[in-house]
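Let me begin by presenting the structure, written as structure tokens, before commenting on it.
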Amino acid sequence: MAEKTTSLYQGAVPVGGELGTSTSKFCVDDKVVMFSSVVGDALTPILEENWRRMNRSRDRRWIRNLAIWDERRGEWRYVGAMTRSSETPNWFTERGLVQNMDDAYLALQAGLFLLDQERRQAGKPPLSKVGMGFGIPVKAGENAADEFFSYLGTRLDKTADGSFMTIRAKNVATGEEVTTRLQLAFIAIQFQGYGAYMALLFGKYGMKLFNTYVIDIGHGTWIKLPVVDNEVDMLLADSIPFGMHTITENISRVIFEKSRQRYRIPEQRIMEKLPRGESRIEVPGEGIFDFRPVLESEVAELVDKVLVRVRQDLGELSRRGKFIDYFAVVGGGAPLVFEQIKRGIQRYYDWSDEVAEARVVQVEAIGVSPRVINSVGFMLLARDQIAIELGQPVEPGFAVSELITDELLGEPRDVRASGGAAARPSPPPPARAERQPRPAEPAAERKPAAVK
Ligand SMILES: Nc1ncnc2c1ncn2[C@@H]1O[C@H](COP(=O)(O)OP(=O)(O)OP(=O)(O)O)[C@@H](O)[C@H]1O
Ligand SMILES: [Mg+2]
Numbered sequence: 282m283a284e285k286t287t288s289l290y291q292g293a294v295p296v297g298g299e300l301g302t303s304t305s306k307f308c309v310d311d312k313v314v315m316f317s318s319v320v321g322d323a324l325t326p327i328l329e330e331n332w333r334r335m336n337r338s339r340d341r342r343w344i345r346n347l348a349i350w351d352e353r354r355g356e357w358r359y360v361g362a363m364t365r366s367s368e369t370p371n372w373f374t375e376r377g378l379v380q381n382m383d384d385a386y387l388a389l390q391a392g393l394f395l396l397d398q399e400r401r402q403a404g405k406p407p408l409s410k411v412g413m414g415f416g417i418p419v420k421a422g423e424n425a426a427d428e429f430f431s432y433l434g435t436r437l438d439k440t441a442d443g444s445f446m447t448i449r450a451k452n453v454a455t456g457e458e459v460t461t462r463l464q465l466a467f468i469a470i471q472f473q474g475y476g477a478y479m480a481l482l483f484g485k486y487g488m489k490l491f492n493t494y495v496i497d498i499g500h501g502t503w504i505k506l507p508v509v510d511n512e513v514d515m516l517l518a519d520s521i522p523f524g525m526h527t528i529t530e531n532i533s534r535v536i537f538e539k540s541r542q543r544y545r546i547p548e549q550r551i552m553e554k555l556p557r558g559e560s561r562i563e564v565p566g567e568g569i570f571d572f573r574p575v576l577e578s579e580v581a582e583l584v585d586k587v588l589v590r591v592r593q594d595l596g597e598l599s600r601r602g603k604f605i606d607y608f609a610v611v612g613g614g615a616p617l618v619f620e621q622i623k624r625g626i627q628r629y630y631d632w633s634d635e636v637a638e639a640r641v642v643q644v645e646a647i648g649v650s651p652r653v654i655n656s657v658g659f660m661l662l663a664r665d666q667i668a669i670e671l672g673q674p675v676e677p678g679f680a681v682s683e684l685i686t687d688e689l690l691g692e693p694r695d696v697r698a699s700g701g702a703a704a705r706p707s708p709p710p711p712a713r714a715e716r717q718p719r720p721a722e723p724a725a726e727r728k729p730a731a732v733k
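Residue 282 is where the sequence shown starts when you use our numbering, and the numbers rise one by one after that.
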């Protein structure tokens, strides 16, 4: 039995992934791929022909032109960017929850396929056996992990040698078709936000355990995830349906009212401006409208909501005699709210500026963009799991050197993995226990369940 387990983990390449409301992120080695969390129409030969005729873009990368064979429905489906030209796009998560397992499975296949392509391009061996860390949304009282596992069980090929996934992909711009088959040695499922904790454990804490409160400001949701003594606090972890989407929606509404209900700016256009720090938008007939004041009041409202919940949790933890060592603010919305959240936490504890700087972590300092840090951390979770199972020390180093997105090449990218800026030296909290290799038997909320 022990030997069988060891051979299962031997040679497995660690990968990480999560399906966000707006974008899904996957990580292998030093690369992150990120594509829109959306699956489109069935790709008929006519649609495909039209796509090729209308496609003037010279961007022929897989991530931009991807269709995945949907075994269950017997059809090709657009995934990611291409879906924008689809009539019925299906966002596979809504308010952070997976809507349709078949679509989520396609996204998982798309992510693994794109990672495999990146490995090949980098001259590395293809992904033939993977161990995966996978982030799922937290929802109090729901067991999304179990549901996802039982679904996976119905889709993988189980043989005497293990569980396998066959992925058939088509590049609709070039017509190229590729089929790959890989062994899924295991999937360790954890809550989104736990990835950020793993990245800090590896990249900042030197594998020592520090209690960490993760705040993930996403598109459809924000997540609070206290990790205490290396375990997620199940009572306090939650995902709240309020995020950047709420803000862009409100800005769009204000502009509509200002234009006397004549002009509606697609939210997408507002969303695209935020990462560039732009706030001026042309409203036909009205001139340039600067939405900065609206943005600022929306952000202040979001920050207030977040801080109310955070303060409640800190009170509750303190009653239980627990103390948070570090706070991390992650997700695409982090750059907008970071300073204010830091100040709020500083006020709560009455910390000096120096202590607040040290305890509220800006994750760019460990060389990872806050938007993709969870996927990087889930790769580290898988790496950790493999090391534990093989009884080997885990390699703590990592660096993200490239972010590959489904944005059209040549367009400004909306996120970048920031190049490894040196971590800011900070007075460390009292040293904690060294990470103990976790038992092979999965803890309740951390299910490495080997897919056997
Ligand atoms: N630099 C930035 N400044 C402000 N907003 C940004 C920035 N980068 C991305 N965003 C916004 O963050 C949102 C996406 O964040 P993220 O990718 O974390 O969400 P998600 O994981 O898809 O959603 P969720 O976590 O709710 O499921 C988008 O609304 C985008 O406009
Ligand atoms: Mg997210």
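Ideal Cβ placement from N, Cα and C applies to all residues, glycine included. Model, not experiment: these values are computed from the prediction.
- Environment of ligand 2, chain-ordered: Gly301, Gly499, taking every residue with Cβ within less than 5 Å of a heavy atom.
- The beta carbons of glutamine 643 and phenylalanine 619 sit closer together than 8 Å.
- In this structure, ligand 1 has a non-hydrogen atom nearer than 7 Å to the beta-carbon of glycine 524.
- In the three-state reduction of the DSSP assignment, phenylalanine 429 falls in the helix class.
- In the DSSP assignment, tryptophan 632 forms no beta bridge with any residue.
- Under the 10 Å beta carbon count, serine 431 is surrounded by fewer than 16 other beta carbons and is classified as exposed.
- Between methionine 525 and glycine 499 the beta-carbon gap is near 7 Å, inside 8 Å, which marks them as a contact.
- Contact fails between the segment 485–497 and the segment 574–586, because fewer than three Cβ pairs, one in each stretch, are under 8 Å apart.
- Remark: the shortest separation between the CB of threonine 502 and any heavy atom of ligand 1 falls under 7 Å.
- Counting only runs that start and end inside the segment 283–334, the alpha helix (DSSP H) elements of at least 4 residues fall at 283–290.
- Around the beta carbon of arginine 345, a 10 Å sphere encloses 16 or more other beta carbons of the protein chains shown; the residue is thus reported as buried.
- The beta carbon of glycine 613 sits closer than 7 Å to at least one heavy atom of ligand 1.
- Membership of valine 509 in the beta strand (DSSP E) is indicated by the continuous run 503–509.
- With respect to the 8 Å criterion, arginine 449 and tryptophan 350 are classified as neighbours on the basis of their beta carbons.
- Annotation note: the segment 471–526 contains the following uninterrupted alpha helix (DSSP H) runs of length 4 or greater, listed N- to C-terminal: 475–484.
- Serine 305 has its alpha-carbon roughly 8 Å from the corresponding atom of alanine 388.
- Cβ-Cβ distances below 7 Å link proline 574 to nothing in the same chain once the five nearest sequence neighbours on each side are left out.
- With fewer than 16 other Cβ atoms inside 10 Å of its own Cβ, arginine 334 counts as exposed.
- Only residues of its own chain outside the window of five on either side were considered, and among them Val580, Ala581, Val584 have a CB closer than 8 Å to the CB of glutamine 621, listed in chain order.
- With fewer than three CB-CB distances shorter than 8 Å, the segment 503–517 does not count as touching the segment 438–453.
- In this structure phenylalanine 570 does not touch phenylalanine 415 by the C-beta definition: roughly 41 Å separates them, more than the 8 Å allowed.
- Valine 611 counts as buried, since at least 16 other C-beta atoms from the protein chains shown sit within 10 angstroms of its C-beta.
- When Asp322, Asn331, Ala426 are compared, the shortest CA-CA separation from alanine 348 is found for Asp322.
- Between isoleucine 528 and the set Met515, Ser633, Ser520, Arg550, the nearest pair of CA atoms involves Arg550.
- The Cβ-Cβ distance between valine 296 and valine 453 does not fall below 8 Å.
- Excluding sequence positions up to five before and after arginine 436, its CB lies within less than 7 Å of the CB of Tyr386, all in the same chain and listed in chain order.
- Our two residues, glutamate 512 and proline 326, have alpha carbons roughly 50 Å apart in a direct line.
- When only Cα atoms are considered, serine 318 and proline 616 end up about 22 Å apart.
- For alanine 348, the enclosing beta strand (DSSP E) covers residues 347–351.
- Here the segment 628–635 does not lie against the segment 657–673, with fewer than 3 beta-carbon pairs under 8 Å apart.
- Under the three-state reduction of DSSP, asparagine 531 is assigned to helix.
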